[in-house]
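First to last, the protein sequences are chains P and V.
Mapping of the first sequence onto our numbering: position 272 corresponds to residue 272, and the numbering continues sequentially without gaps.
Mapping of the second sequence onto our numbering: position 209 corresponds to residue 717, and the numbering continues sequentially without gaps.
The next block holds one structure in the form of structure tokens; read it before the comments.
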Amino acid sequence: METLGFLMEGFAVALTPYNLMFALLGAFAGTLIGCMPGLGPANGVAILIPLAFTLGLPPETAMILLTSVYAGAMYGGRISSILLNIPGDEPAMMTCLDGYPMARKGRAADALAISAIASFSGGLIGTVGLIMLAPVLAKFALSFGPAEYFALFLLAFATLGGITGKNPMKTVIAATLGIMISTVGIDISTGTQRYTFGVLELYEGIDFILAIVGLFAISELLFFVESRMGRGREKVSVGKLTLSFRELVSTIPTQLRGGVLGFISGVLPGAGASLGSFISYTLEKQVLGKKGKFGEGDIRGVVAPEAGNNGASSGALVPMLTLGVPGSGTTAVLLAMLISLNITPGPLMFTQNADIVWGVIAALLIGNVLLLLLNIPLVGVFVRLLSVPPMYLLPIVTMVAFVGIYSISNSTFDLYFMVAFGVVGYFLRKLEIPVVPIILGLLLGPEMEKNLGHALVLSDGDWGILWASTLAKSFWLVAGLSLLLPYLVGPLLRRRMNAAMQENPVSD
Amino acid sequence: MTIKRTLFLVAAATFSMSALAWQPSGKVECIAPSDPGGGWDFTCRSAGNVLRDLGLIDGTVQTVNMAGAGGGVAFAHTVSKRSEDDKLIVAASTATTTRLAQKQFPGLNADMVNWVGALGADFGVIAVGKNSEYQDLNQLLAAIKQNPKSVKFAGGSARGGWDHLKVLITARAAGAGQLPSIPYLSYNNGGEAMTQVVGGQVDAFTGDLSEVTGFMASGDLRVLAVLAEERLPGNFAHIPTAKEQGIDAVGPNWRGFYMPKDTSEASKTYWSNTIDTLYASKEWKKVMKANGLIPFHPPAGEFDSFVRQQVQDIEALSREIGLLK
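Encoded structure:
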């Protein structure tokens, strides 16, 4: 009941006209970003961070804007999957399988409508799960000491492969780069400067926001300039809505299963939304078996992955808000934003920054309703925007990125750094080195180092403290399993994903 | 000193007749040497608002965030690029003096700027979790005296930073030896450190009073002592000071301003008087109350010497515990 009271206060924050306006803006921008092929939710949030600083938004509004973008991107991803057979982002890959065949049969409008509804119920289930689980987990997190946190961060690093891992070596390289960058600046356990070379601007270390905007937004711009400059895509027609009420009702069990499965896979560190949509789709195929026509435009084949990835996106917020450990790339970006707003995620945030946490959670609920409204009647607008040539969009994004970063600390030094990160990000992505582990290394590396130091101070130098408690032991166990599992289960899972893809090839 | 005092009296007299010799025209800038949202940002924004509301300044006070090196970037900027700008004030606090004392701004020292005045303070506290065996400060210090490693502290500053120094100031006042051996765990901020103490992972918390109010009210933290000269007003009256427990330790984390050095005497007088007037106003009292600031305001002429004294004290202490060679 206490939770309900907090939630009501959250609604009071989220429903102010000012915050509502930004939730709407975020939902719209997120959907747009999501439906642009190649631009995923992490990039979307990274691109909008500078906007929050440019406009000088208060913390709760900034977070509401960014989480709405996050939720919106999950909705938007399906649009290009269905219409163009190009997933707007990775989690929307599974939506292509039945979405595109539906569109080819002339049922594009139906596919878009039912997937919006599935996204809504998935998002709703995920958010309700978040509301129930987060406060409990936050209280439990009070019993975490330095040793438990160390093991937890170790676990987070061990699951990194699961997030982005095609080539584990490249993931390790990226994470190491992130940790290396994070060692610049004052070492708080000794009070000494590391790798600052007497340059005052480096004393506080390198701001993650610079790294994020550079690595995601600026490198994205460079990619766009390289490959997609020029005219937009051909216009696609959507057709008429013929979805019947009975058909809608028949998908409800699928929506529920997808949402719950998605939420669970979102909560697990490192799994994320892609896994959520994959598992929901495969399970649905298993459950319905021959009764469905999966791969040929079955409506439930659109519903399951969409409910799954939206459920997962809310689930991924649970470990981020309660423990400060992001479950996915996008939540890592959101975590960096929280830290730079001087808010420390963890048990304390639920009491000290209750207005922000619950405002954001309420905004997620409101955002889902807004997104449903945006995505059914206004879907035509997004379809038309898909064909806007990037030459109009790019200069705007570039401008906002520069103004936003400059307005954080009025330092041209930061702008050089952002551009440098952008160029580095461009080349890393050319080499197929993922950038998300860099951010995670940058965020979690110092925390892991700090907690290791603290644990050893508490135990007077006895390393045994690191695995003394049952909780720490179980983290070590799960971390070990997460290192091994991708080698055992990974190839199997990937083969299945590929097989599914080959039945319905995804082309670009 | 006497010249300064006389100057101040003359200036104050002129001020009260509201016939000022010098007044800033146009836009005034207040540099907050941090990102938006921190304590310095708060100092600039709230002081700027009250200055405008009271009509003490014609135009507006624009807050400019200039983060970096814990205030070092803004300090270097003020000294090297703005040394004659009389329409500039920069937010500062004990964190600034600590870093100056420990020579963390290379080539810069406290004499290179003009210290304008303080607008209140947040006082240091030593607190333990509700299930701790320590009931008062002396029990805790007795344990430290017996074995310096027996009590582990958590705080929100880096090692050698202000939160760590408060522990050392207190322990030294109690006559404890082996100060560097007292375990100190540094966290990114007070909140994170407190979570560990409330959760029972670490023995004691060192921080500022405004940080502990929430957990103090909920009963999760027991504040053993506040490091103030005398008991604080209002809701904090029940917290014993270290002094009344026989430990002569005081740790104010003041909030105030400095300004460039090479400006006219008239502008310096104007600014220290203006901060005086601001501090005395009803509006500012309201801001202090809403934000947990405690009255602290050395008279205009004395703030400069207060800052210098604080820098010297911290330098001596840092040397003693081996943070400075």
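All C-beta atoms in this analysis are idealised placements derived from N, C-alpha and C, irrespective of residue type, glycine included.
Computed from a prediction, not measured in an experiment: that's the story for all the values here.
For residue 683 of chain V, does the three-state DSSP call read helix, strand or coil? coil
Considering only C-alpha positions, which residue in the set P:356, P:370, P:431 and P:417 is nearest to residue 10 of chain P? P:356
Could you tell me the distance, in whole angstroms, from the CA atom of residue 51 of chain P to the CA atom of residue 688 of chain V? 46 Å
In chain V, what lies closer than 8 Å to residue 326 of chain P by C-beta? Within 8 Å Cβ-Cβ: nothing; residue 326 of chain P doesn't reach chain V, min ~16 Å.
Using only the alpha-carbon positions, how far apart do residue 610 of chain V and residue 126 of chain P sit? 50 Å
Does the beta carbon of residue 375 of chain P sit closer than 8 Å to a beta carbon anywhere in chain V? no
Since residue 570 of chain V sits in a beta bridge, which residues does DSSP pair it with? V:537
Would you call residue 763 of chain V buried or exposed, if buried means 16 or more other Cβ atoms sit within 10 Å of its Cβ? buried
Chain V beta carbons: is any one of them nearer than 8 Å to that of residue 190 of chain P? yes
Counted within 10 angstroms of its Cβ, other Cβ atoms place residue 399 of chain P as buried (16 or more) or exposed: exposed
Kindly indicate which three-state DSSP category residue 183 of chain P falls into: helix, strand or coil? coil
Where residue 691 of chain V meets chain P, residues with beta-carbon distance less than 8 Å: 457 and 458
How many Å lie between residue 191 of chain P and residue 697 of chain V at the Cα? 15 Å
How far does the beta strand (DSSP E) with residue 733 of chain V in it reach, from first residue to last? 729-734
Using a Cβ-Cβ distance under 8 Å, would residue 731 of chain V count as near chain P? no
Cα-Cα separation, residue 535 of chain V to residue 621 of chain V: 21 Å
Do the segment 723-735 of chain V and the segment 753-771 of chain V touch if we need at least three Cβ pairs shorter than 8 Å? yes
Run down chain V in chain order and give the residues with a C-beta less than 7 Å from the C-beta of residue 186 of chain P. 666
Where residue 762 of chain V sits in the DSSP three-state scheme: strand
Does any C-beta atom of chain P lie closer than 8 Å to the C-beta of residue 750 of chain V? no
By the criterion of Cβ-Cβ separation under 9 Å, what are the contact partners of residue 614 of chain V in chain P? 198 and 200
Measuring CB to CB, does residue 812 of chain V end up less than 8 Å from residue 530 of chain V? no
How should residue 532 of chain V be labelled, buried or exposed, when 16 other C-beta atoms within 10 angstroms of its C-beta is the threshold for buried? buried
Taking 8 Å as the CB-CB cut-off, is residue 142 of chain P touching chain V? yes
Would you report the Cα separation of residue 819 of chain V and residue 618 of chain V, rounded to the nearest angstrom? 8 Å
Hey, is residue 796 of chain V's beta-carbon within less than 8 Å of any beta-carbon in chain P? no
Would you say residue 643 of chain V faces chain P, with C-beta separation under 8 Å as the test? no
If I measure Cβ to Cβ from residue 556 of chain V and keep anything under 7 Å in the same chain, skipping five residues before and after, which residues do I get? 538, 569 and 571
Counting C-beta neighbours from all protein chains within 10 Å, is the total for residue 74 of chain P 16 or more, i.e. buried, or is it exposed? buried
Collapsed DSSP secondary structure at residue 251 of chain P in the structure displayed: coil
Residue interval of the alpha helix (DSSP H) (run including residue 467 of chain P): Counting along the chain, residue 467 of chain P falls outside any alpha helix (DSSP H), and DSSP gives it neither H nor E.
For the alpha helix (DSSP H) containing residue 352 of chain P, name the first residue and the last one. 349-352
List, in chain order, every chain P residue whose beta-carbon is nearer than 9 Å to that of residue 673 of chain V. Neighbours of residue 673 of chain V on chain P: none; closest Cβ ~11 Å, over 9 Å.
Evaluate residue 454 of chain P with the Cβ neighbour count: other Cβ atoms within 10 Å of its Cβ, from every protein chain shown; 16 or more gives buried, anything less gives exposed. buried
Decide if residue 672 of chain V is buried, meaning its Cβ has at least 16 other Cβ atoms within 10 Å, or exposed. buried
Reducing DSSP to helix, strand and coil, say where residue 802 of chain V ends up. strand
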